[in-house]
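S.K.: My structure is below; once you've seen it, I'll send some questions.
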DNA sequence: CGCTCTATTGATAAACCTCAAATACAGTGG
DNA sequence: CCACTGTATTTGAGGTTTATCAATAGAGCG
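Protein chains in written order, with the numbering used here: chain A, 581 to 812; chain B, 581 to 812.
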């Protein structure tokens, strides 16, 4: 409560806080610790003991699964208002995920015991955490199915639409993905190579569906992309 | 409790019942309804409202994600003592998964409200359910990474090892997958075609790693398979 | 303005799918 | 017990998708 002034008002809408009053939100936030990470800094790494869970206040995190030989599967971006490492609260096993900031990021973090305590006081928290875990499960299952059954271009279309929905911002020309997103990032997200993503985006740019530059993508015609994603 | 005689003793080891005494287990089972499904019968289908959660007593269920054009991703097999549709208890949304029996299967099922009630009386149940959801999330994330980064034969090796661990039975020649498992099933599990699986198994059979017949696989040399899966 | 990182594009190769045909196998009913 | 029938499996040939490699161009930063 004491340092609630530090937190932007907008986080009253965070998934974490569904069904929790503003005052209680402030209390819960005050139980955590505020921490700012540099651009590109690692919050936690695959194989670490899961210790904290994080609420993102500003900027974004990139969650990845790492494989040998430097290959990487990009799981998702964690946007302001979203939490990650929710699972860390429920078990002590290693967490198989790596989190890196995309630009300098502000977070609030809670250790396991503190969060368990908070959940005890505010039971709605447990429900919200569970909801997050289930949402993640749904998301990864859909993507697993798509990865297994669809072609590369179709998957890139879906990826772009997903990221657009989660992190898009309206601008004049269309919907801008609001952070540095490279061809490599998109290929790690979809299980292809940066070359194929580049070719795909070039072809869509010719058709007027997107506009793109260095680590920057604007979706001009979401409808066309949706239709492409659904028909293959 | 009244009908606890119906249930085999072995289910005292079910994940669902971790930390729950035998008597309480019987009570919980008695709150559910016992139901036998025919071979190949569908328990629930993608898009259904999630209504029940199921404990498998005998035989196995096959959980799949369905895609248009008849393509299918095989999520996992649910063995005796395991539960499925755990998520159904926590939300009413459509469940994106299809469950079909592999041979005639005995189950116990609970509707949402009954299970919520049981959880209220036996809090350990909630923890066990959560554990199941988290395990499923871990599993699908690992497989997502593998699908995205590894070659077909490597994935088939991993699939065989996974299924072996979960459903294998020691026999003279090695470890037998203890139910009908076709080339098509394995290819749906790994995201390839039955032809490629067939070729792969043939080549392994020549090397003495497996023995296989119609819908039947014995892993003769698990070590060789592990090493193959890990080095690619 | 030079340096570095990202993106583009073409040529080639590898992995894997698709299609087709033959073969093996497990039940089933006579 | 055996022939029959419907699946499952095997295997080959050929095609498609996509990765890989290489070289060039472009963008941002100090």
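Beta carbons: idealized from backbone N, C-alpha and C, even for Gly.
What is the rounded straight-line gap between the Cα of residue 792 of chain A and the Cα of residue 717 of chain B?
M.R.: Looking at the two C-alpha atoms, the distance is approximately 34 Å.
S.K.: I'd like to confirm the pairing. Which residues does DSSP put opposite residue 800 of chain B in its beta bridges?
M.R.: None; residue 800 of chain B has no bridge partner.
S.K.: List the residues that DSSP assigns as beta-bridge partners of residue 641 of chain B.
M.R.: Paired residues: B/658, B/681.
S.K.: What's the C-alpha gap between residue 670 of chain A and residue 693 of chain A?
M.R.: C-alpha separation (whole angstroms): 10 Å.
S.K.: With three or more beta-carbon pairs closer than 8 Å as the criterion, would you say the segment 698 to 718 of chain A touches the segment 732 to 739 of chain A?
M.R.: No, the segment 698 to 718 of chain A is not in contact with the segment 732 to 739 of chain A.
S.K.: Against chain A, with Cβ distances strictly below 8 Å, would residue 642 of chain B count as a contact?
M.R.: Chain A contact via Cβ: absent.
S.K.: Under three-state DSSP, which class holds residue 753 of chain B?
M.R.: In this structure, residue 753 of chain B counts as coil in the three-state DSSP scheme.
S.K.: So the candidates are B/665, B/674, B/673; which of them puts its Cα closest to the Cα of residue 689 of chain B?
M.R.: Of B/665, B/674, B/673, the residue nearest in Cα terms is B/665.
S.K.: Using a Cβ cut-off of 7 Å, which residues of the segment 636 to 664 of chain A contact any Cβ in chain B, in chain order?
M.R.: Residues passing the 7 Å Cβ filter: 645, 647, 651, 653.
S.K.: Look at the Cβ atom of residue 660 of chain A, then the Cβ atom of residue 637 of chain A, and state whether they are nearer than 8 Å.
M.R.: Closer than 8 Å, so yes.
S.K.: Could you give the DSSP three-state label for residue 628 of chain B: helix, strand or coil?
M.R.: Three-state result, residue 628 of chain B: coil.
S.K.: Output yes if chain A places a C-beta closer than 8 Å to the C-beta of residue 624 of chain B; else output no.
M.R.: For residue 624 of chain B, the answer is no, since every Cβ of chain A falls outside 8 Å of its Cβ.
S.K.: If you draw a straight line from the C-alpha of residue 685 of chain A to the C-alpha of residue 679 of chain A, how long is it?
M.R.: In a straight line, the C-alpha of residue 685 of chain A is about 12 Å away from that of residue 679 of chain A.
S.K.: Whose Cβ in chain A lies nearer than 7 Å to the Cβ of residue 729 of chain B?
M.R.: Ordered by position in chain A, the residues that pass the 7 Å Cβ test against residue 729 of chain B are 647, 651, 653.
S.K.: Rounded to the nearest angstrom, what separates residue 724 of chain B and residue 728 of chain A at their Cα positions?
M.R.: Those two C-alpha atoms are separated by around 9 Å.
S.K.: In chain order, what residues of the same chain lie with their CB nearer than 6 Å to the CB of residue 621 of chain B, ignoring the 5 residues before and after it?
M.R.: Only 681 meet the Cβ criterion.
S.K.: Among A/745, A/733, A/631, A/798, which has the Cα closest to the Cα of residue 770 of chain A?
M.R.: That would be A/733, whose Cα lies nearest to the Cα of residue 770 of chain A.
S.K.: Start and end of the alpha helix (DSSP H) containing residue 778 of chain B?
M.R.: Per DSSP, residue 778 of chain B belongs to the alpha helix (DSSP H) from 774 to 786.
S.K.: Counting C-beta neighbours from all protein chains within 10 Å, is the total for residue 642 of chain B 16 or more, i.e. buried, or is it exposed?
M.R.: The residue in question, residue 642 of chain B, is buried, as its Cβ has 16 or more Cβ neighbours within 10 Å.
S.K.: Use the C-beta contact count for residue 735 of chain B: other C-beta atoms within 10 angstroms, 16 or more gives buried, fewer gives exposed.
M.R.: Its Cβ being crowded by 16 or more others within 10 Å, residue 735 of chain B is buried.
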